[in-house]
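Enquirer: Order-wise, the sequence lines are chains A and B. Heads up: the first sequence runs through residues 1 to 521, numbered per UniProt numbering. Heads up: the second sequence runs through residues 1 to 521, numbered per UniProt numbering. Submitted below is the structure of interest, expressed as structure tokens.
Protein chains: 2
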Amino acid sequence: MFHRRASAARPMLAAYGRGYTSDSSRTVAYTKDKYPGIERSTALNQLSSEDITFFKSILPPTSVITDEDDLSSYNVDWMRKYRGQSSVVLLPKTTEQVAKALAYCNERRLGVVPQGGNTGLVGGGVPVFDEVVISTQHMNGIRSFDAASGTITCDAGCILEVLDNYLAERGYMMPLDLGAKGSCHIGGNVATNAGGLRLLRYGSLHGTVLGLETVLPDGTVLDNMSTLRKDNTGYDLKQLFIGSEGTLGIITGVSMLTPKRAKSTNVALVGLESFEKVQETFHMAKDMLSEILSAFEFWDHKAAGLVRAHHGVGHKDPLTSQYPFYVLVETQGSDSEHDMAKLNGFLEKLLESSIVDDGVVAQDDTQIKSLWSLRELIPEACSKAGAVYKYDVSIPVPKLYTLVEDMRERLAAVGLLGQQVEEVIGYGHVGDGNLHLNITATSYDSKVTQAIEPYVYEWTAKHAGSISAEHGLGLMKAEKIGYSKSPSMIHLMRQIKQLIDPHGIMNPYKYFPSTHQHQHQ
Amino acid sequence: MFHRRASAARPMLAAYGRGYTSDSSRTVAYTKDKYPGIERSTALNQLSSEDITFFKSILPPTSVITDEDDLSSYNVDWMRKYRGQSSVVLLPKTTEQVAKALAYCNERRLGVVPQGGNTGLVGGGVPVFDEVVISTQHMNGIRSFDAASGTITCDAGCILEVLDNYLAERGYMMPLDLGAKGSCHIGGNVATNAGGLRLLRYGSLHGTVLGLETVLPDGTVLDNMSTLRKDNTGYDLKQLFIGSEGTLGIITGVSMLTPKRAKSTNVALVGLESFEKVQETFHMAKDMLSEILSAFEFWDHKAAGLVRAHHGVGHKDPLTSQYPFYVLVETQGSDSEHDMAKLNGFLEKLLESSIVDDGVVAQDDTQIKSLWSLRELIPEACSKAGAVYKYDVSIPVPKLYTLVEDMRERLAAVGLLGQQVEEVIGYGHVGDGNLHLNITATSYDSKVTQAIEPYVYEWTAKHAGSISAEHGLGLMKAEKIGYSKSPSMIHLMRQIKQLIDPHGIMNPYKYFPSTHQHQHQ
């Protein structure tokens with residue numbers, strides 16, 4: 001039966017990103033040691049003291065970081081999986097400063113890593129060797145907001161949640177939302193084509209980004225900060241930068257279309273016996289909630305168990321018993337009475353059709369946040385194990401959960417599950433066909449990696465999926481693109497990279513397979 | 001007051017596109033004579049009889065058109081404004097045939113014009129000189145439809161309306177709709193990044209196209225027919241082809257995300273005293289109709305007058321009197337009771353706030369079509385005058401109609417309005433900031449053109465608009481891109497064109513400014 005949520009208080013999602021001490025970061029092994037196959041590019045020069053002198057001449061003193069302790073949080077990713085050796089981080093404040101710094105690095109053949117909030121999951125935002133880090137941290141101004149059309153323009157370093165709060169005061173919202181919202185930068189979101197929790201409703205960044213300001217490696221500023229919804233004058237160049245992960249230039253400004261903020265938000269949580277029932281629930285949600293459906297998230301009992309353990313003893317389960325699968329359904333609409341009527345009709349139909357046995361509807365904002373936290377705390381709860389192998393794939397929905405089951409069987413068969421490997425967890429965005437497969441382990445170990453890879457990629461390719469739904473390629477999947485793209489596609493991508501970044505200074509070692517390794521093409 | 005629509009029958013939108021006799025097409029002047037500034041490229045070879053022999057060797061006999069009478073409808077655009085001199089049209093049936101034909105043309109340096117339904121408005125789809133026309137007319141198979149995810153994959157030559165009817169039977173709909181739907185091909189829609197009537201609700205093709213199959217000039221088939229909503233593996237190359245107007249290759253297959261077909265559609269028509277009130281109505285629609293608002297179209301009394309005249313004597317006006325402006329509001333939702341309640345609430349508020357004085361709500365599908373025809377018949381009604389100068393601009397909404405007023409004043413001041421120029425008409429998609437400015441005249445005349453251009457482009461650039469919101473550049477605006485894009489943007493576009501089409505065979509003379517003319521950059 002459906003019941004009203006009684007209890008209220010729940011711990012909120014802890015912030016992602018920076019915040020470790022420099023000491024703890026030293027315990028992370030260097031990427032170059034963990035990935036001995038990656039060699040430093042001989043085409044790139046070493047940083048010299050003259051370079052630092054130049055950077056200090058074009059930037060304020062506080063914008064050139066060279067102190068080792070201060071460098072660590074830029075060298076290590078938030079998952080503590082990758083560690084670079086950069087000896088300089090630049091924090092430009094203006095597009096002009098970015099252009100000067102980049103043109104210099106290009107001339108001097110210095111590798112460059114653009115960095116936003118450092119919340120990436122594939123090692124794309126931290127250096128591998130001694131690349132110059134250019135962070136958008138100090139570029140955080142909102143440039144304009146037009147309430148008539150709902151368009152916002154801002155610097156690339158604006159934090160997603162800050163933008164959303166700004167828009168909330170004006171009756172609008174950001175069209176994307178993700179767990180790292182409190183730390184991630186909008187420029188990083190665009191550079192990695194972030195998907196997140198509400199893509200189902202508000203669409204991808206390829207549709208919602210109206211304009212970009214980008215600095216090319218040679219210092220050219222591509223000013224395409226349009227706020228127009230329609231503009232068919234030439235190739236839509238900004239699209240190339242959406243999802244290019246810093247390999248073509250640095251995004252310095254973003255212009256976005258923002259939807260009206262919903263007047264009414266409702267959230268329901270249901271427990272289900274099988275993934276088939278998850279799919280039936282999704283079809284019914286599309287049919288009955290239709291235009292107000294804003295999120296449809298699922299997770300399995302392993303994920304729920306980790307979150308329960310992470311919450312601690314004080315935690316009370318919102319449902320009366322435990323289920324193999326959980327689904328969170330969110331609606332956003334303009335009329336709370338209509339929305340609630342649609343949601344109730346949907347939930348009643350689910351009960352009548354025996355698709356679900358138990359569910360709960362949030363009664364206020366606190367309960368909405370509390371139900372959401374059950375989903376949003378999963379990544380953090382997974383990280384507590386010591387190490388977590390994160391895979392992010394798109395698979396046609398009917399096969400979405402089969403990968404989790406197959407992986408569990410495989411790791412059990414080789415004797416790793418229950419030993420080094422603790423749990424195999426599945427959760428994600430059913431509406432987008434996007435599965436997050438997390439494998440928690442006591443530590444990062446090549447034996448575990450070899451049991452998972454390339455199996456996970458081969459499985460995904462076999463089922464016509466994408467080996468990176470939303471996290472991107474970064475360093476982790478630089479060699480894996482061949483599983484999802486054809487040789488002729490990769491060839492044209494390389495040609496475009498060569499055209500825009502002929503000296504290969506932008507985010508080296510990432511995104512593209514190294515030229516001497518073409519195993520999966 | 002609001003009243004129910006009494007009368008029902010209305011003439012439906014006549015089909016665009018092909019259908020003139022070859023005789024009448026001969027009366028259209030050759031483009032090369034009307035635009036003497038355009039010179040045939042010396043880098044491109046003349047077609048030989050050996051070429052025809054080759055084409056006949058790779059295509060069925062009915063797929064190689066060389067008969068002069070049969071060629072005319074491919075050489076002349078539907079507006080009868082542009083006329084090329086192609087002596088061969090190819091109608092391939094498969095992607096492989098397109099690849100063979102294109103590779104041959106590339107090798108032989110023969111210019112190629114890809115053509116879909118020939119419904120373009122800027123002369124982009126017809127040849128200028130003797131280019132080989134490759135039409136997608138015979139590539140019209142639906143490849144697959146996945147009801148679980150709502151994704152359709154099809155050949156590029158499928159007619160938009162055919163696809164929409166196919167989806168209607170399955171509870172889905174195409175996310176785009178436009179007047180030419182009965183003739184235009186989905187490949188052409190994608191190649192020109194068509195916007196249309198419901199972009200406001202369902203977003204642009206950059207968001208809804210999931211995959212493309214494209215043949216590059218050298219015959220390489222770029223297979224990117226993904227049906228995944230999320231795929232972050234490499235640059236999103238398909239985006240380059242969306243809006244490239246046949247200058248980079250030929251789109252042969254399209255994969256799209258299709259929304260659930262609305263269970264309830266409502267349409268209201270209101271009359272308004274000023275464009276300020278049109279804007280107020282739009283803000284209220286966004287606020288009160290929000291997630292069910294699917295179209296917001298406006299037109300002025302000049303447009304209404306032409307449609308009335310075009311309709312003939314039997315026509316009865318749906319509103320009790322005439323107004324300076326008309327707005328058509330459409331809602332699409334999943335619950336007719338909720339939708340009607342929202343629409344009625346909105347209309348009551350409009351009346352209470354004295355924003356509108358009169359309006360009508362369609363009571364059934366026939367009336368919905370009838371109200372829509374008042375908007376959809378405008379382009380056709382404009383064409384009756386003899387000649388129509390069509391401009392399609394994006395402008396920030398508050399200034400949208402000022403261009404029409406300023407143009408009217410300007411043409412009156414130079415003594416053309418009421419003489420060669422009959423009317424200056426404004427209509428379009430308020431929600432997208434998209435104005436269609438149509439200037440009807442007795443004939444196409446350079447004196448009229450010079451009174452309009454470059455004024456219209458300068459005016460648009462001055463107001464931070466786009467000189468092509470949705471129609472594209474084609475031949476008409478090939479020299480004008482500099483009004484909307486910076487030199488560095490155009491430079492990078494040229495580099496990409498050079499990379500993918502090094503011999504310049506794809507849709508020559510279009511899209512890019514000719515290299516010897518850079519006046520607006």
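Every residue gets a Cβ at the ideal spot worked out from N, C-alpha and C, and that includes glycine.
1) Write down the C-beta distance between Asp501(A) and Pro318(A) rounded to the nearest angstrom, noting that I regard them as a contact closer than 8 Å.
2) So, does the stretch 73-86 of chain A touch the stretch 103-123 of chain A, judging by three or more C-beta pairs under 8 Å?
3) What is the DSSP secondary structure of Leu200(A), counted as helix, strand or coil?
4) Output the boundary residues of the beta strand (DSSP E) element that contains Leu269(B).
5) Return no unless some Cβ of chain A is closer than 8 Å to the Cβ of Asn232(B).
6) Bridge partners for Ala441(B) per DSSP, in chain order?
7) Just the Cα atoms here: how many angstroms apart are Trp459(B) and Glu276(B)?
8) Classify Lys114(A): buried if its beta carbon has 16 or more other beta carbons within 10 angstroms, exposed otherwise.
9) With 9 Å as the limit, tell me which residues of the stretch 465-477 of chain A have their beta carbon closer than that to any beta carbon of chain C; keep them in chain order.
10) Under a three-way DSSP split, which group does Ser514(B) fall into?
11) What's the gap between the Cα of Tyr511(B) and the Cα of Gly211(A)?
12) Going by beta-carbon coordinates alone, are Leu289(A) and Thr331(A) separated by less than 8 Å?
13) So, Leu199(A) versus Asp432(A), is the Cβ gap smaller than 8 Å?
14) Going by DSSP in three states, Gln239(B) sits in which element: helix, strand or coil?
15) Just to make sure I have the definition right: I need the residues of chain B whose C-beta is within less than 8 Å of the C-beta of residue 522(A). Which are they?
16) Our contact map puts Asn45(A) next to Arg109(A) with C-beta atoms below 8 Å; I'd like the distance itself, whole angstroms only.
17) Contact check, Ala387(A) vs Thr442(A) under 8 Å by CB: the rounded distance?
18) Using Cβ-Cβ distances below 7 Å, what residues of the stretch 414-438 of chain A are close to chain B?
19) Would you mind working out which of Asp177(B), Ser41(B), Lys93(B) sits nearest Pro127(B), comparing C-alpha positions?
20) Return yes when the Cβ of Val221(A) is within less than 8 Å of the Cβ of Thr53(A), no when it is not.
21) Using the C-alpha atoms, what's the distance from Leu403(A) back to Ile38(A)?
22) Look at Val269(B) and Gly124(B) and say whether their C-beta atoms are less than 8 Å apart.
23) If you draw a straight line from the C-alpha of His311(B) to the C-alpha of Ser370(B), how long is it?
24) Beta-carbon within less than 7 Å of Gly196(A)'s beta-carbon, same chain only, minus the 5 sequence neighbours each way: which residues are those?
25) Which chain B residues sit within Cβ distance under 7 Å of Asn224(A)?
26) List the DSSP bridge partners of Ile159(B).
27) To the nearest angstrom, how far is it from the Cα of Lys423(B) to the Cα of Ile378(B)?
28) Which runs of the alpha helix (DSSP H) spanning at least 4 residues fall entirely within the stretch 81-121 of chain A, listed in chain order?
29) Give the residues from the stretch 285-314 of chain A that approach chain B closer than 9 Å (Cβ to any Cβ), ordered along the chain.
30) Examine chain B for any beta-carbon lying closer than 8 Å to the beta-carbon of Thr220(A), and answer yes or no.
31) So Pro513(A) and Ile481(A) are in contact, right, with Cβ under 8 Å, and what is the actual spacing, rounded?
32) Can you confirm whether the stretch 460-467 of chain A touches the stretch 246-266 of chain B when touching is taken to mean that 3 or more C-beta pairs between the two stretches lie within less than 8 Å?
33) Would you say Val430(A) and Phe298(A) are within 8 Å of each other, going by their C-beta atoms?
34) For Glu161(B) versus Gly182(B), is the C-beta spacing smaller than 8 Å?
35) Do we get a CB-CB distance below 8 Å when we pair Thr21(A) with the residues of chain B?
36) Among the candidates Leu475(B), Ala412(B), Leu328(B), Tyr30(B), whose CA atom is the shortest distance from the CA of Glu245(B)?
Expert: To lay it out plainly:
1) No, Asp501(A) and Pro318(A) are not in contact; Cβ-Cβ is about 50 Å, not under 8 Å.
2) yes
3) helix
4) 264-272
5) yes
6) Ala387(B), Val421(B)
7) 20 Å
8) The sequence given here places Pro at residue 114(A); Lys does not occur at that position. Buried, by the Cβ-count rule.
9) Given the protein chain composition of this structure (A and B), no chain C is represented.
10) coil
11) 21 Å
12) yes
13) yes
14) helix
15) With chain A covering only 1 through 521, there is no way to say anything about residue 522(A).
16) 5 Å
17) 7 Å
18) Asp432, Gly433, Asn434
19) Ser41(B)
20) no
21) 29 Å
22) Residue identity differs from the one stated: residue 269(B) is Leu in this sequence, not Val. For Leu269(B) and Gly124(B), no; Cβs fall outside 8 Å.
23) 12 Å
24) Leu176, Asp177, Leu178
25) Met489
26) His185(B)
27) According to the sequence provided, residue 423(B) is Glu. The question's Lys does not apply to it. Each residue's Cα considered, the two are about 13 Å apart.
28) 95-108
29) Lys286, Asp287, Met288, Leu289, Ser290, Glu291, Ile292
30) yes
31) 6 Å
32) no
33) yes
34) yes
35) Below a pLDDT of 50, predicted positions are generally treated as unreliable, and Thr21(A), at 40, falls in that range; the measurement from the model is reported next regardless. With 8 Å as the cut-off, Thr21(A) does not count as an interface residue toward chain B.
36) Leu475(B)
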